[in-house]
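In what follows, a structure is listed as structure tokens, so that the remarks can point back to it.
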Amino acid sequence: MSGDRPSPLVIERILRDRDSIWQQIVAERDLNALTGRMLTSSAIALACYGAVLGFFHSPLMALTSALKLPLLFLVTLAICLPTLYLFNLVFGARLSVRQSLALVMVAITVTSMLAVAFAPISLFFLITANDYGFFKLLNVAILTLSALVGLRFLTSGMQVLNDNGLLAPEAVKAKADEPAHAQAPVQAVPAAVPVGATAVAAPAPGQSAEPVAVPAGAAVAESTANGAVTTAPAPAQVPAQLPGQPAGVLFPPGMLPSGYVAQRPWDGRTARQGEPTQRPASMTLLYIWILLFGFVGTQLAWTLRPFFGDPGQDFAFFRSIDGNFYAEILRTIANL
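When we follow my numbering, the leftmost residue of the sequence shown carries the number 630, and every step to the right adds one.
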């Protein structure tokens with residue numbers, strides 16, 4: 630599915646063709662339309678799920694929860710997005726505000742769609758197990774699981790942006806400016822991988838060595854300096870003398886004796902085995918920002934409560950701010 634041909638459902642495109650979403654964000658192409666579709670889809674899905682939460686108390690609570698649950702996610706995004714954007718600027722990333730917003734909206738869209746997918750299960754337990762504490766913990770678990778999956782999409786998208794040089798431009802520029810090294814001739818070294826071989830007699834003195842024809846597409850096993858064995862098309866070369874073989878016996882490329890593989894010397898561009906890959910500071914700060922996003926979201930949810938509505942209390946649009954979200958969860962678990 631192409632990024633230029635939108636799907637009727639944006640979540641279907643995110644799940645089926647996420648690579649085109651990342652590339653569209655990298656190219657900063659039609660991000661206003663993409664972000665608008667994700668915002669609309671998320672708001673509708675969260676409103677539907679909020680209505681299920683509020684139905685535990687009354688239809689009026691269902692209506693208010695349908696309004697407050699989308700508000701919870703959007704206000705949390707508005708509070709935390711500037712921090713993510715400024716973090717990236719401080720550490721040299723080249724993300725624009727629109728790219729940052731679109732990236733986070735992908736995570737929120739996945740979260741909201743997964744939550745609404747759980748709505749029938751939540752409604753089933755609302756009807757069959759009308760227990761306030763259990764219903765509250767069940768839906769907190771559903772929202773937590775959905776958020777974890779959505780944040781996984783966020784980290785995947787940031788990794789793609791990092792691979793395209795938007796998070797660590799200096800490293801990518803240095804790699805691009807690195808001079809191309811001439812490939813060294815392939816050498817044969819002993820290895821545990823047997824390769825079939827055919828001996829060729831050495832040419833008589835004064836005669837030119839004729840290349841041996843190698844079938845098109847034939848592959849030669851190659852070993853890098855870190856021990857990894859790969860295959861590469863067999864080069865058209867003249868027969869070569871192999872180490873440890875009798876004088877006068879030559880072997881054409883692609884037809885090496887048993888126990889030999891072709892080895893190409895390390896040219897400075899292949900990472901050595903065990904060499905750590907440096908993670909850009911923006912990726913490290915992303916995980917810190919995710920924790921910040923979670924803390925802000927849970928505290929805001931406590932501020933905007935009730936979403937479920939305690940059946941022992943009358944309807945109220947907001948309740949007084951006392952205690953905190955985590956203490957309430959622990960208290961609910963203890964009461965169960």
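Beta carbons are placed, not taken as given, at the ideal position from N, Cα and C, and that holds for glycine. What you are looking at is a predicted structure, and each value in this text was computed from that prediction instead of being measured.
Do residue j and residue i count as a contact pair if the criterion is CB distance below 8 Å?
i    : j    : result
G683 : A674 : no
V745 : F782 : no
I643 : T784 : no
L710 : T664 : no
Could you tell me if the beta carbon of residue i falls within a distance shorter than 7 Å of some heavy atom in the ligand SAH?
i    : result
T693 : Judged by which ligands are present, the structure shown has none, so any question about the ligand SAH falls away.
What is the C-beta distance between residue i and residue j, in whole angstroms, given that I count them as a contact (C-beta under 8 Å)?
i    : j    : result
K765 : T913 : No, K765 and T913 are not in contact; Cβ-Cβ is about 35 Å, not under 8 Å.
L743 : S775 : 4 Å
L921 : T773 : With 8 Å as the limit, L921 and T773 do not qualify as a contact, their Cβ atoms being about 16 Å apart.
A748 : V681 : 5 Å
F754 : L767 : 6 Å
Ordered along the chain, which non-local residues of its own chain (more than five positions away) have a Cβ less than 6 Å from that of residue i?
i    : result
G967 : Summary: the structure shown does not reach residue 967, with the chain confined to residues 630 through 965, and so no result is reported for it.
R727 : L660
R647 : none
N741 : The sequence given here places Ser at residue 741; Asn does not occur at that position. Excluding sequence neighbours, S741 sits near S671, A674 and L675.
V639 : R666, M667 and S670
Taking residue i as the reference, give the member of the options with the closest Cα.
i    : options                   : result
W617 : L644, L724, H686 and F946 : Outside the shown range of the chain, which is 630 to 965, sits residue 617, and nothing can be said about it.
T705 : P935, L965, W918 and F685 : W918
G923 : V655, L638, I708 and M690 : I708
F936 : S670, G794 and V769       : V769
L777 : Y916, Q653, R723 and S949 : Y916
L703 : I958, I950 and L933       : L933
L718 : T669, L795 and G779       : L795
T669 : N964, L700, L929 and I650 : L700
G786 : I750, I654, Y714 and L752 : I654
In chain order, what residues of the same chain have a beta carbon less than 7 Å from the beta carbon of residue i, not counting five sequence neighbours either side?
i    : result
E839 : Because the pLDDT of E839 is 45, which lies under 50, any placement of that residue in the model is unreliable, and the number read from its coordinates should be weighed accordingly. No residues qualify anywhere along the chain.
Which same chain residues end up closer than 8 Å to residue i when comparing Cβ atoms and leaving out the 5 residues on each side of it in sequence?
i    : result
C677 : A695, V745 and A748
I650 : G632, R642, I643, L663, V735 and G786
* Between the stretch 655 to 669 and the stretch 754 to 761, are three or more C-beta pairs nearer than 8 Å? -> Fewer than three Cβ pairs drawn from the stretch 655 to 669 and the stretch 754 to 761 lie within less than 8 Å of each other, which leaves the two stretches out of contact.
* To do: Report yes or no: do the stretch 684 to 691 and the stretch 936 to 943 share at least 3 C-beta pairs separated by less than 8 Å?
  => Judged by Cβ distances under 8 Å, the stretch 684 to 691 makes contact with the stretch 936 to 943, as three or more pairs qualify.
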